[in-house]
């Protein structure tokens, strides 16, 4: 009896099923996500909605010393992550990223204020005090004078750093 060939799949059926390569890429992405979670500090990891099995697997990773054992364990972590709520995990990652961007923006704003204070002197101090009335005017003026003097004498910017720290503490960043 001659061999029968399987009937070819419809084009629609082929488009519905992901390719083997696509499945591998997704698995590697999940393993990378697991490695990211493992690399985090426990306090950061506590923000994520992870199951008990996942948390145990993450804790167990630190005990594995063998390269091959670690590779197999990472595959296991990738398998466990498939059962997790990925949208919630991504939401936490997005919140952390947004928080980091806000902090970076605030630091850039402080750097601009510091540079402006050193460049313009007392007029910039008055503008800063108008915007932040709880700041210590005397300490800021002293640090600005010292920073300007250091710049004129081509010394290291010690007072400029102190001014930045003082501004950061004043604004509670």
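In UniProt numbering, the protein residues as written are 1 to 173.
Using N, Cα and C, we set each Cβ at its ideal position, and we do this for glycine too.
- prompt: When the Cα of residue 151 is compared with those of 107, 117 and 40, which residue comes out closest?
  reply: For the residues 107, 117 and 40, the minimum Cα distance to residue 151 belongs to 117.
task: Under 7 Å Cβ to Cβ from residue 168, same chain only, skipping five residues before and after it: list those, please.
output: Close CB contacts of residue 168 within its chain, under the 7 Å cut and outside five residues either way in sequence, are with 110 (chain order).
task: In the DSSP assignment, find the alpha helix (DSSP H) that holds residue 39 and state where it starts and stops.
output: 20 to 39 is the extent of the alpha helix (DSSP H) around residue 39.
message: Assuming residue 80 and residue 132 are in contact, meaning their beta carbons sit under 8 Å apart, how far apart are those beta carbons, in whole angstroms?
response: A Cβ-Cβ distance of about 48 Å is found for the pair residue 80 and residue 132, leaving them out of contact under the 8 Å criterion.
- request: Return the chain-ordered ranges of every alpha helix (DSSP H) run that is complete within the stretch 40 to 126 and spans a minimum of 4 residues.
  value: Segments of the alpha helix (DSSP H) lying fully in the stretch 40 to 126: 42 to 45, 52 to 61, 67 to 81 and 86 to 120.
- request: Could you please give the first and the last residue of the uninterrupted alpha helix (DSSP H) stretch that includes residue 143?
  value: Its alpha helix (DSSP H) spans residues 137 to 152.
query: Can you name, in chain order, every residue of its own chain whose Cβ lies under 8 Å from the Cβ of residue 96, other than the five neighbours on each side?
result: Excluding residues within five positions, the ones whose Cβ falls inside 8 Å are 44 and 47.
field: residue 162, enclosing alpha helix (DSSP H) - first and last residue
entry: First-last of the alpha helix (DSSP H) with residue 162: 158 to 170.
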